[in-house]
Amino acid sequence: MNKIYKRIIKIIVAICIIILIVDIIYLIYISSKKKQKLYFDTINAFEITNDGIISVGSYNKDGYEKAKLTKYNSKNKKTIEKIYSKKYNSSYFNVKKDDNYFIAVGDYEANKSENKNNVRSALIVKYDKNGKIIKEKRFQVLGDSKFTNILVVSDGYIVSGQSIYENMTLGLSDEGGAFLIKYDKDLNEVWRSNYGGSKSAIYNDLIIINSNIYAIGKDSVNTGIISKYNMDGTRITTTNYSYTDSIGFTSIVNMNNSLYVVGSKKVKKDKSSYDTDSLIVKYNYDCQKLDEKIYRGKGIERFNKAIVDNKNIVIVGQTGIYNKKKSTDKENVFDYNGILAIYNSNLKRIKLLNYKKNTNNYFTDIKKHNNNFIISSYHSNKNGYASEFINYNNSFQLIGEK
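If you're matching positions, the sequence shown starts at 9 in my numbering and goes up one per residue.
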């Protein structure tokens, strides 16, 4: 009988081991699937260089978001890729070339031993032509902070961004909100200026016209803003626009003695909270609104970035259509598609192109080079999100993606 019991025990142990091994394999499989679904690699902005393209964005690594700077040659092959490897999370939102240097701006979240509240700091990093960090500076006033854009001037850099209270923090302060900051070439602060609500105000883009700085973004409660400053950082005037989406105005250009800003308009009477329209607004140099036009699709529309091409304004963005079948009580699902729009100086729409139907695709930035338009984009696939460059010719015909 003892031998029979021993044999039964051995069989039971063997079965338990097999079950354990199967469970471990299953957990590894599920874990790998989750990692695949969380994968992303995005380009937020780029610049044309003498020998190719320099881009910035972020990607995930070991469960963390990491800012990255990538240099491509004229054939769109990567020659340099530098990851901002300091722990914890980070992202770059814009980059500019300054002689043989690249200046990237974004945000950074330190590891938990340095930053118990997971608050992000604004970040500006200066790279040499080989992608080596020369200098860097972090900025924070109230809490969550980031730099969104940068202009190179003869004696330094002017950056836009924000520093606001994080979500669970209560309080009022006149020290935070949307920011403009000037740094010298060694990243020493020269001056700073802030405006707006301490919970959500932000400047997303800026331009210099006639020795004045114009900054655009949003204030609290989905109110778009355009502000005029002198070159010493003194604010001259600000004009509010209601209502935008939660991002606000994101790009500004100058043409024919007028300013044009783009974003997304929230129509207050719309019943659906996710029904917005792509928006372009025309201002004079005193920040007085002259005109506006919208592109109304079937759901979420947004213009992200604008450039001037001869007598027209060329804009990239995306449209998102609500997917009822995929949506649940806990999550609204949208099918996104990149869009390319062309307007003249009187805000007459010349053309609007959809990139692909039924494809989650986001257009983030646009430049013109050698009579072609280069668009940075990221799109969804079975593993997450991947970045790419899309090319249109001077007649706005699609000629390739890399």
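Backbone N, C-alpha and C define an ideal beta-carbon position, used for all residues, glycine too.
Asked: Figure out for me which residue from Asp294, Val275 and Lys297 has the closest Cα to the Cα of Tyr303.; Found: Val275
Asked: Check whether the Cβ atoms of Phe101 and Thr156 sit closer than 8 Å, and answer yes or no.; Found: yes
Asked: Using the rule of at least 16 other Cβ atoms within 10 Å of the residue's Cβ for burial, across every protein chain shown, is Gly71 buried or exposed?; Found: exposed
Asked: Out of Arg310, Tyr211, Ser259 and Arg200, state which residue places its alpha-carbon closest to the alpha-carbon of Met239.; Found: Arg200
Asked: Looking at C-alpha atoms only, which residue of Ser98, Leu131 and Val64 is the closest neighbour of Lys105?; Found: Val64
Asked: Given this structure, state the Cα-to-Cα distance separating Lys356 from Leu298, to the nearest angstrom.; Found: 14 Å
Asked: With DSSP as the reference, label Ile255 as helix, strand or coil.; Found: coil
Asked: For the beta strand (DSSP E) holding Gln326, just list the boundary residues, first then last.; Found: Asn320 to Tyr330
Asked: Quick check on Ala209: does DSSP put it in helix, strand or coil?; Found: coil
Asked: Entirely within the region 145 to 193 and at least 3 residues each: give me those beta strand (DSSP E) ranges in chain order.; Found: 152 to 161, 164 to 172 and 185 to 191
Asked: Tell me where the beta strand (DSSP E) around Ser353 begins and ends.; Found: Careful: Ser353 lies outside any beta strand (DSSP E) and carries neither H nor E.
Asked: Between which two residues does the beta strand (DSSP E) harbouring Val64 extend?; Found: Gly60 to Lys69
Asked: Looking at C-alpha atoms only, which residue of Gly325, Asp59 and Gly151 is the closest neighbour of Gly184?; Found: Gly151
Asked: Would Phe311 and Ile329 qualify as a contact pair, given that the criterion is a beta-carbon distance under 8 Å?; Found: no
Asked: Hey, how far is the Cα of Lys154 from the Cα of Thr78?; Found: 20 Å
Asked: Among the residues of its own chain, which have a CB less than 8 Å from the CB of His98, if the five just before and after it don't count?; Found: The sequence shown places Ser at residue 98, rather than the His named in the question. Closer than 8 Å at the Cβ level, and outside the excluded window around Ser98, lie Ser66, Glu73, Lys74, Ala75, Tyr92, Gly114, Asp115, Tyr116, Glu117 and Leu131.
Asked: How long is the line joining the alpha carbons of Asp163 and Asp192, rounded to whole angstroms?; Found: 6 Å
Asked: Using beta-carbon positions only, say whether Leu195 and Lys143 come within less than 8 Å of one another.; Found: yes
Asked: Apart from the five residues on each side of it in sequence, which residues of its chain come closer than 6 Å, Cβ to Cβ, to Glu300?; Found: Val289
Asked: Cα-Cα, which of Ser168, Asn264 and Asn265 is closest to Gly241?; Found: Ser168
Asked: What's the call for Ile382, buried or exposed, on a 16-neighbour Cβ count within 10 Å?; Found: buried
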